[in-house]
Structure formats: C-alpha cells, structure tokens
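Reviewing the structure listed below.
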Amino acid sequence: MRYLSLLVLLFLASYASAQKNVIDKIIAVVGEEIVLKSDIENQFLHEQSQGLVNSSSDSRTRILENLLVQKLLVAQAKIDSITVTDTEVENALNSQLEQYVQHIGSRERLETYFGKSYEDIKNEMRTPLREQMITQRMQSKIVDNVRVTPSEVRYFYRKFNKDSLPEVPDKYEIQQIVIKPRISDTEKERIRNRLRDFRDEILAGKQTFNTLAVLYSEDPGSAAKGGELGYQTKSALAPAFAEAAFSLKPGRVSKIVETEFGFHILQYIDRQGDKVNVRHILLRPRISDEERQEAIQHLDSVLTYIHNGEATFEEAAAYFSMDKKTRNNGGLIFNEEDADSKLPRETIEGEMARQVNKLKVGEISSPFLDQTRTGEEYKVIKIKAYYPSHTANLDDDWISFENGLKSKKQQEVLDKWIKEKQANTYIHIDEDYKNSKFHYDGWFK
C-alpha cells in the first residue's frame, strides 16, 4: 500500500509540474479534434512515475498514436450520437479522485501536490475522463458483433507453435452449498421501520436522500456518492430492485424493496434508453448468534444426508442451497468475468481459500462462514476437480483459447476500422513526428 501511495503521489506531483512547465502547442488535428503537447507530456510523466517508460521518443510516439486513435473514436462517436451523461462522468471522476485521496491521505495533500484547489483538479480531469469513457463505448460498439465458432477455436489452437503455448497455473472446480442465516420477523420489521422513517423525512423535506445515504447506507460502493449507482441495465440489478428502479417516476422515492443484499429505498434520478440511474439506501439486518448457530446446524443436517448416501452433493445443492447462481448446476462456481468454472488458485480468497487448501478432489469441507457481497453465508464446499499447472491445451483450456481468439478478432476489426477512418478523415501531425515509427501507417498523407 505504501508503494502504491508513492506511485500515485509521484504521478500527481509530475502532473502538477507538467501543468506549470509545459509550453503548450497543437501537435495533431484529427477531424475537428486536437492533440496538445501537454496531453502527451502529462501521460508520459504518468507512465514515467510508474516505471512504464523505456525510451522517451518511442514512448511519446506511442502515446501520441494512442491519442490519435482516441480522437478518431471520439469523432465517430459524435456522428453516431454516442455520449456519456454528466452523472456518469461525475461518478467516475469522484471515484478516481477518492482513490487518489485515500492513497495520499487527504484532500489537502492532493491540493498541495497539484498546486490548486480540489474543484480545479476535478475541472481539469473532467474532459479527458469524458473522452476516455466515450472512446471505450465507441470501441465496444465497433467490436460488438464479433463472434467465434468452435471450428475457429480449434484452428486457432492448431496454429500455435507448441513450444510457445503458455503455462497455465493450478486451477480448481469447486461446488458449494450455501445456507444464509434466517432473519427474524422482528429484525426485518426494525429495518423496515427505520427505512420508513428515512422516507418520511425525505418526503417532508426534513432531510435529503443524499445526506441520509451518506450517513446510514450500508452499501460501501455508493454511500459516499449519496447512494447514486450510475446508469444500470435491468440485468445488472437484482430483479426486485430493477423492477422498482424502472417503475419510479422523477423525484419519487420508492417503497421498501427487499433483495438478497438487504432492504432498500430508491430515488429516481434519470433514465437513458434501457438504463436507469437511481440513488438507494441499503440497510442490512443484524444476525443473532442463535440464527448463526441455526444455519450451521442446517448445514450439518445437509452433510448428514450426503454422507449417509440419501442425496448426492449435486442433489443437495439443488434442494437446499440458497445461492441462486450455483444451486441449479450442482453448486458449481463460475468465474463471473469469463464464465469459466476452472478457478485459478490465486483468485480464490479468504476462508474459501483456506478450505480449498485442506481438501483433496472429492472431499467435502466442514461448514464455514464466508463473508460475501450479500453478507454472511455459511457454506460447505466440495473439490470437484483439480487441474495442476500445465502447458495450455484445448481439452483443459477451451475457454481461454476461445476468449483469446475473440480478443484477436476484435483487435482485427478495430485495426481495419482505424485504417478506413485514417483514409477518410482530415489528419495533420506536427513535422517533428514525421520520421517516427507508428504502429498504423496512414497518419501522414
């Protein structure tokens, strides 16, 4: 953590220095977009502070080319009416600045290194961040239709030189049965009454939703932002939460909504197409020792069924587990990023990791407590399979090759798009860069 703080501090110091020392000039024009010398220097100093820069000239050329591509994407985004909202930018900006503050120690230290006020820092970062977000959205649109077939994956694998295949680390397939402690009706009513009081205060104008969210919401990701979640699709939200969010009217506060995360009230902010932005206050029920013990006893009973041969682990998961994502596939856990059931050892954390280290393939753990995003969960796990480190192969690592091929095809589509846009877009670059080695030909005409 201290090392990371130093990197951020160095970046901020160098960024502040660049703002003071760089004599700005236009380095490139792409359509109606411009690239300034300070844009290049600020990024160079940022990379330098993190030890990412090898050669000054080569690095500056690479940075310039990245900015040229970004300007092509931004110009196309304007044509395609692809935008990001002010709220989305502010959420991202606040999050980024809060990370800087946490690493450096305070807003005052942040202001010292920039040599300007917190608001001035925000104002200078806002436009580059907006462009970055628009660029990512435009790029996603360009490659959105890329698909790969099984035959393409097999052909992709066969083209590899066998000596160049990567080494794959240890991986596990893990099944789980999850029991969540029962929440008493008394505790549920206590939470509901507190949220009703919040709602009454907001509607009566005695408190703002934002203030109550900052003070009382138990969602660490949104509380500091007044409960604001940013624009979300229905599929990204818990079903009951999504139903409430998409049915709200401007300025309204929802009734109490119960989800797997706890109890919420919501306030409508805005809607953009199939996405909605709301604030929420989350309260989680308190769990008594008696309820915890009851959950453990429940798991012990489930284990007895399995050990006595009255049910397989898979059948017990389907019948008893309270985890909706895994109970219908025998309790098998999937990596949410790539939908792979083979979990690298280093991604398994906390008590789950300690249990995995104790078990052999086919063995089932004793009940244990696992702290998750939804709160306390009691689990038993079974090691379904273990894949020792090995040279990548198609039988064991299909999803990795599939994802690798998809990324390759997406890059090819993007490369083709960039070359077409180079040919059809006005581009002028400072003569100082005329002999530079760019990745893409076509910047100079």
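Reading the sequence shown from the start, the letters are residues -18 to -1, 1 to 427 in mature numbering (1 follows the signal peptide of the UniProt record, and there is no 0).
Glycine included, each C-beta is placed from N, C-alpha and C at the ideal position.
All figures in this text were calculated on a predicted structure; none of them were measured in a lab.
Comparing C-alpha distances from Asn48 to each of Arg91, Asp21 and Glu242 shows the shortest one belongs to Asp21. Taking the Cα of Asp256 as reference, the smallest distance to any Cα among Ala335, Pro370 and Tyr213 is reached at Tyr213. Residues Tyr213, Asp252, Gln254 and Asn259 of the same chain have their beta carbon placed closer than 8 Å to that of Thr67, with the five preceding and five following residues left out of the count.
For the 8 Å CB-CB criterion, Leu265 and Val362 do not form a contact.
In the DSSP assignment, Ala10 falls outside any alpha helix (DSSP H) and within the unbroken beta strand (DSSP E) covering Ile8 to Val12.
Contact annotation: Ala220 and Glu200 have beta-carbon atoms that are not nearer than 8 Å. The region 302 to 376 contains, as complete beta strand (DSSP E) runs of 3+ residues, the segments 350 to 354 and 357 to 369 (chain order). In the DSSP assignment, the residues bridged to Val239 are His246. Restricting attention to Glu93, Lys388, Phe383 and Tyr408, the CA atom closest to the CA of Pro148 is found in Phe383. When DSSP assignments are scanned along the region 390 to 424, the uninterrupted stretches of beta strand (DSSP E) that are 3 or more residues long and fall wholly within it turn out to be 409 to 411. Every unbroken stretch of the beta strand (DSSP E) spanning 3 or more residues and falling wholly within the region 152 to 193 is given here in chain order: 153 to 161. Contact check for Glu113 against Ala57 fails: the beta carbons are separated by 8 Å or more.
For the 8 Å CB-CB criterion, Leu50 and Ala10 form a contact.
In this structure, the straight-line span from the alpha carbon of Ile156 to that of Lys398 is close to 41 Å. By the criterion of a C-beta distance shorter than 8 Å, Leu281 is surrounded in its chain by Ile159, Ile161, Pro349, Tyr360, Lys361 and Val362, once the five residues flanking it on both sides are discounted.
The straight-line gap separating the alpha-carbon atoms of Lys366 and Tyr422 is approximately 47 Å.
Judged by DSSP secondary structure, Asn105 falls outside any beta strand (DSSP E) and instead within the alpha helix (DSSP H) spanning Tyr100 to Ile124. Collapsing the DSSP output to three states places Arg44 in a helix.
Gln81 and His410 have their C-alpha atoms some 37 Å from each other. Annotation for Lys390: Phe138 place their beta carbon closer than 8 Å to its own, counting only its chain and skipping 5 residues before and after.
Looking from the CA of Arg136, the closest CA among Ala74, Lys419 and Ile381 belongs to Ile381.
Between Asn417 and Ile45, the alpha-carbon positions lie close to 15 Å from each other. Sequence-distant partners of Tyr287 (beyond 5 residues in either direction) whose C-beta falls short of 7 Å from its own C-beta, in its chain, are Ala293 and Ala298. Within the DSSP bridge table, the entry for Val260 names Tyr250 as partners. Within the same chain, Ile365, Lys366, Ala367 and Tyr368 come within 8 Å of Val343 by CB-CB distance, once the 5 residues on both sides are set aside.
Runs of the beta strand (DSSP E) lying entirely within the region 65 to 96, each at least 3 residues long, are absent. Taking C-beta atoms under 8 Å as the contact rule, Arg181 and Val235 qualify, at a distance of about 6 Å. The C-beta distance from Pro163 to Glu333 rounds to 16 Å, too long to meet the 8 Å contact threshold. For Leu18, the enclosing beta strand (DSSP E) starts and ends at Glu15 to Leu18. Nearest to Arg140 by alpha-carbon distance, out of Ser217, Phe295, Val125 and Ala374, is Ala374. One Cα belongs to Leu18, the other to Ser41, and the distance between them is close to 16 Å. DSSP places Leu265 within a strand segment (E or B) once states are collapsed to three. Looking at the DSSP output, Val130 sits in no beta bridge, so it has no partner there. Judged by beta-carbon spacing, Leu197 lies beyond the 8 Å limit of Ile184, meaning their Cβ atoms are not closer than that value. In the DSSP assignment, Asp271 falls within the unbroken alpha helix (DSSP H) covering Asp271 to His289.
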